[in-house]
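J.:
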Amino acid sequence: MAIKKDKVDAVMVGFGWTGAIMSMELTEAGLNVLALERGEMQDTATTAKYPNIADELAYAIRGKLYQDLSKETLTFRHNPDGFAVPYRQHGAMLLGNGVGGAGFHWNGLTWRPQASDLQLRSHYEQRYGKRFIPEGMTIQDFGVAYDELEPYFTRFEEVAGISGKAGNVMGKIVAGGNRFEAWRSKEYPLPPLQDYYGAQLFAKAARELGHEPFPIPAANASQPYTNPYGVRLGPCNFCGFCEDFGCYMYAKSSPQSTIHPALLNKPNFEMRTRCQVIRVNRDASGKVATGVTYIDAQGREVEQPADIVFLSAFQMHNVRLLLLSGIGQPYDPATGEGVVGRNFAYQMSGGVNAFLPKGTQLNPFIGAGAGGQSIDDFNGDNFDHGPLGFIGGANVRHNRTGGRPIGQAGAPKSAKKWGSGWKSAVQDSYQRMMTIVAQGSVMSYRDNYLSLDPTYKDAYGQPLLRVTFDWHENEFKMTKYTVGQAERIARALTDEVDVNVRKSGTHFDTRVYQSTHTTGGAVMGADPKTSVVNRYLQNWDVHNVFVLGASAFPQNFGYNPTGLVGALSYWAARAIREQYLKSPGPLVQA
Amino acid sequence: MKNDNEPRRRFLRQAIAILPASALTPVVMTQAGCSQSTASSGTPLKAVESDYVPVYFTDAEWAFVRAAVDELIPVDGPGAGGLDAGVPEFIDRQMETPYGHGKLWYMHGPFHPEAVPELGYQLGLVPRDVYRHGIAACNAWCMKQYGKTFPALDASTRVQVLEQLEGGKIHLDAVPAKLFFGTLLKNTKEGYFADPMYGGNKNMAGWKMIGFPGARADFADWVDQPGARYALGPVSVLGEQA
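Those sequence lines, one after another, are chains A and B.
Each residue of the first sequence is one higher than the one before, counting from 25 in my numbering.
Each residue of the second sequence is one higher than the one before, counting from -6 in my numbering.
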């Protein structure tokens, strides 16, 4: 007999960034909010304490803060005809877990997409013609315009305390910032991080080539900061233990460092950890959610009634929960029908290792997760795609996160991989190797999608999420072009370069770290036939289910996703507070 | 007089009681411990007196790991060799961690080892198995090929064997050669560079080799000194300083 808890006004499934933002917004509106997190509590004082946190093996190599794949993972196959096998070891993407999710241990690059990114299909059709978009590429508009979201980007950036330099304020180009960025209403809340030496060199080379480099917008506080919730961030000290690690300086913006101190003790907020939600429940009509069912730490099944259900877990898990709950029609690539699981996308990155002259002292251990300099000339539609024949682009940058010896002490490709030759090469390279990366967009395709796996299960006996994904020619063209631009900049610094670029025809490799910027599967849009949620992230079929996060992106761009994830959460929260709560029901008529 | 001797005897008894057993029987590693052939052929390993008694590897396996590490990160070249850095101890200790037992991985079947490499690791072997079965298979191959087990071979032959494992040119039935070599190399480099509390990187030798400050993790004073030589030595999580 399942345990039944008292009803709450709103339940969050997953307590990372989107769960924290929505909990804050709804508790402010007077609702009783419950956040369910399947992982453990994490906070700076216990989970990120110094000096224990400065342990590369534990955190960056063995993945102490990552999802425990032994209990639940994904399965992968390259195409709909293939047999999917489990993602048995962390590789291409590093799934987060616990309170704060990956928001606790990310690097912190915090961008706004281009305005055209949000209306991608319309934009490309208008500028390049309908036939420029290949058959089988299922890119779509988001259903919301950049101008509508602008104040919510500002809101998220102020809560998170983003360090940066504006390049376009109210349409006026401002020197020192990103001249290509979408317009912003005001300057960043914090000045940019200081440039370490490598960033200075990158910027100099980029300028020599006629570009206008700018500091990467960083969720690493450049100085002490108090956010609108009264929560304080400390200054980043360039410790070099950012991605995969919690921040002991309270400098990295995380739900813990920016929201929890103002949220966790509210009388109308409750958090329960070790609660694995297995299903969203609905009434007999199927059109209204009644709450969720979860398995607690002891293994007991618990029914949690709620008036509104938020899927605020990671992109992958949101989609899996919809499928497990039977909400929405699952996508079928054969017919092109159905919506849940469609438009799954990722990113394709490449880059150049530049070996500067002997004697250079880069001091690579001086690292910040989102420090560095970037150019955006080759991102979005900031350049003419016509003669190039591909869609999308890449953010090109030097971003030094640290010089950790196991994972970040590189050597030339030609160097020996072991023996005395390896020792010499690693020692020789350490102070003079810097990387310039081109982080590129991935479009959506008819045959890349998410579904439930027929073979493999998690520790609770539920089917794993199956990812059907492979690269397409469009992205190979994009990466060849953008990595070529990264190479040009590298060659302005040195002749000794190694280029890492994916060759056309190669397959998606789950073993090689790419990024955890997976998107889609529960996309937002104007048309219920091609989207799972409307412009307010409200499920088309069940009006009291909202699905937050990057699962809403119909395709992915060349930027890290969190800026848009935060903005969309605040945008949806406003619609819920001002419209939905007053009159529960569909916010958009299909 | 009785009273003069009593305190001294008590002290000795107490001193012996608190010494760990391993210190009383230092483990001296030579090729003789694992070679099954006649003793004198092959380059003798550096005989190192070590307090460390392996918790996972057998004597034969321990000799293999030491011999392999000695070639993967030799004494030649800048910085310490892998043996002096304690890499074999690191690897042995890792075999008793969740990692060593494969607990970090999804290890439910059905297994499809024949899946394409890009879909990732699909074998049922955990690191402990890779070493146990890989070492046995490699030693057997060396016996067949050279009449000696791996640790008994001379340095240049050992290097050749490792190169062939690396390239998948040797067929081992129990463990794919590339997997065996790859695991060995990965754990060796981890052992050279991980924090010393895990048993390797002794005296922060690996960090000194490249100039990594270890767990210092604070460079606010150095960001604005582009190109300056970093003046401080490494520190470890437990507070060792150079």
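Cβ atoms here follow ideal geometry from the backbone N, Cα and C, with glycine treated the same way.
In this structure, does DSSP put B/GLY184 in helix, strand or coil?
T.: The three-state secondary structure of B/GLY184, taken from DSSP, is helix.
J.: With B/LEU146 as the anchor, note down where its beta strand (DSSP E) starts and where it stops.
T.: Neither: B/LEU146 is in no beta strand (DSSP E) and is coded neither H nor E.
J.: So the candidates are A/TYR583, A/SER593, A/MET46, A/PHE577; which of them puts its Cα closest to the Cα of A/LEU287?
T.: A/MET46
J.: Measure the alpha-carbon distance for A/TYR111 versus A/ASP533 and round it to whole angstroms.
T.: 11 Å
J.: Cα separation between A/PRO259 and A/CYS271?
T.: For A/PRO259 and A/CYS271, the distance between alpha carbons rounds to 11 Å.
J.: With DSSP collapsed to three states, give me the class of B/GLY26.
T.: The predicted position of B/GLY26 is uncertain, since its pLDDT is 34 and thus under 50; a value taken from the coordinates is nonetheless stated next. In the structure shown, B/GLY26 sits in a helix (DSSP, three-state: H, G or I).
J.: Could you tell me which chain A residues have their CB closer than 8 Å to the CB of B/LYS96, listed as they occur along the chain?
T.: SER94
J.: By DSSP, does A/LYS196 sit in helix, in strand, or in coil?
T.: strand
J.: Around the Cβ of B/LYS195, are there at least 16 other Cβ atoms within 10 angstroms (buried) or fewer (exposed)?
T.: Label assigned to B/LYS195: buried.
J.: List, in chain order, every chain A residue whose beta-carbon is nearer than 8 Å to that of B/PHE205.
T.: PHE389, GLY427, ARG428, PRO429, ALA433, TYR454
J.: Is A/PRO610 helix, strand or coil by DSSP?
T.: coil
J.: If distances are taken between C-alpha atoms only, which option among A/GLY54, A/PHE39, A/VAL35, A/TRP41 comes closest to A/ARG601?
T.: Put simply, of A/GLY54, A/PHE39, A/VAL35, A/TRP41 the residue whose alpha carbon is nearest the alpha carbon of A/ARG601 is A/GLY54.
J.: Which runs of the beta strand (DSSP E) fall wholly inside the region 300 to 330 of chain A and span at least 3 residues, in chain order?
T.: 300 to 306, 313 to 319
J.: Spell out the partners DSSP gives A/THR99 in its beta bridges.
T.: A/PRO110, A/ARG490
J.: Enumerate, from N- to C-terminal direction, the unbroken alpha helix (DSSP H) stretches of 4 or more residues contained entirely within the region 228 to 286 of chain A.
T.: 279 to 282
J.: Of all the CB atoms in chain A, is at least one closer than 9 Å to the CB of B/GLU233?
T.: At least 9 Å separates the CB of B/GLU233 from every CB of chain A.
J.: From which residue to which residue does the alpha helix (DSSP H) around B/LYS137 run?
T.: 120 to 139
J.: Taking its Cβ as the centre, do 16 or more other Cβ atoms sit within 10 Å of A/LEU50, making it buried, or is it exposed?
T.: buried
J.: Could you name each continuous alpha helix (DSSP H) segment of 4 residues or more that falls completely within the region 374 to 458 of chain A, going from the start of the chain to the end?
T.: 429 to 432, 444 to 454
J.: Note down the Cα distance separating A/THR459 from A/GLY396, rounded to an integer number of angstroms.
T.: 11 Å
J.: Our contact map puts A/GLY195 next to A/PHE238 with C-beta atoms below 8 Å; I'd like the distance itself, whole angstroms only.
T.: That belief does not hold up - the Cβ atoms of A/GLY195 and A/PHE238 are roughly 17 Å apart, past 8 Å.
J.: Give me, in chain order, the residues of the same chain whose beta-carbon lies closer than 7 Å to that of B/THR150; leave out the 5 immediate sequence neighbours on both sides.
T.: Around B/THR150: TYR139.
J.: Just the Cα atoms here: how many angstroms apart are A/ASP275 and A/ALA245?
T.: The displayed chain sequence assigns Ala, not Asp, to residue 275 of chain A. Looking at the two C-alpha atoms, the distance is approximately 5 Å.
J.: Does the region 210 to 221 of chain A come within contact of the region 144 to 163 of chain A, defined as at least 3 CB pairs closer than 8 Å?
T.: no
J.: Count Cβ pairs between the region 117 to 132 of chain A and the region 77 to 94 of chain A that sit closer than 8 Å; are there 3 or more?
T.: Contact between the region 117 to 132 of chain A and the region 77 to 94 of chain A is present, because at least three Cβ pairs lie under 8 Å.
J.: Take B/THR31 and list the residues in its own chain whose beta-carbon comes closer than 7 Å to its own, dropping the five residues that flank it on each side.
T.: Residue confidence is low: B/THR31 scores 35 on pLDDT, short of 50, so the model does not pin down where it sits. No coordinate-derived value is stated.
J.: If you draw a straight line from the alpha carbon of A/GLU556 to that of A/ASP482, how long is it in whole angstroms?
T.: Inspection of the sequence shows that residue 556 of chain A is occupied by Val rather than by Glu. Cα to Cα, the separation comes out at about 25 Å.
J.: First and last residue of the alpha helix (DSSP H) that includes A/LYS481?
T.: Counting along the chain, A/LYS481 falls outside any alpha helix (DSSP H), though it belongs to the beta strand (DSSP E) covering 473 to 481.
J.: Which term fits A/GLY383, buried or exposed, when burial requires 16 or more other beta carbons within 10 angstroms of its beta carbon?
T.: exposed
J.: Across the region 317 to 329 of chain A and the region 448 to 459 of chain A, are there enough close Cβ pairs to call them in contact, namely three or more that are closer than 8 Å?
T.: no
J.: Select from the region 358 to 391 of chain A all residues with a C-beta closer than 9 Å to any C-beta belonging to chain B, and list them in chain order.
T.: THR384, GLN385, LEU386, ASN387, PRO388, PHE389, ILE390, GLY391
J.: What in chain B is Cβ-close to A/ASN472, meaning under 9 Å?
T.: Ordered by position in chain B, no residue passes the 9 Å Cβ test against A/ASN472, which lies about 15 Å from the chain.
J.: Answer yes or no: does any C-beta atom of chain B fall closer than 9 Å to that of A/CYS263?
T.: In terms of beta-carbon proximity, A/CYS263 lines the interface with chain B, with at least one pair separated by less than 9 Å.
J.: My guess is that A/GLY365 and A/LEU347 are in contact by the Cβ rule of under 8 Å, so how many angstroms apart are they, rounded?
T.: 7 Å
J.: With A/GLU294 as the anchor, note down where its beta strand (DSSP E) starts and where it stops.
T.: Element bounds for A/GLU294: 293 to 296.
J.: Cutting at 6 Å between CB atoms, please list the residues of its own chain near A/PRO291, excluding the five before and the five after it.
T.: none
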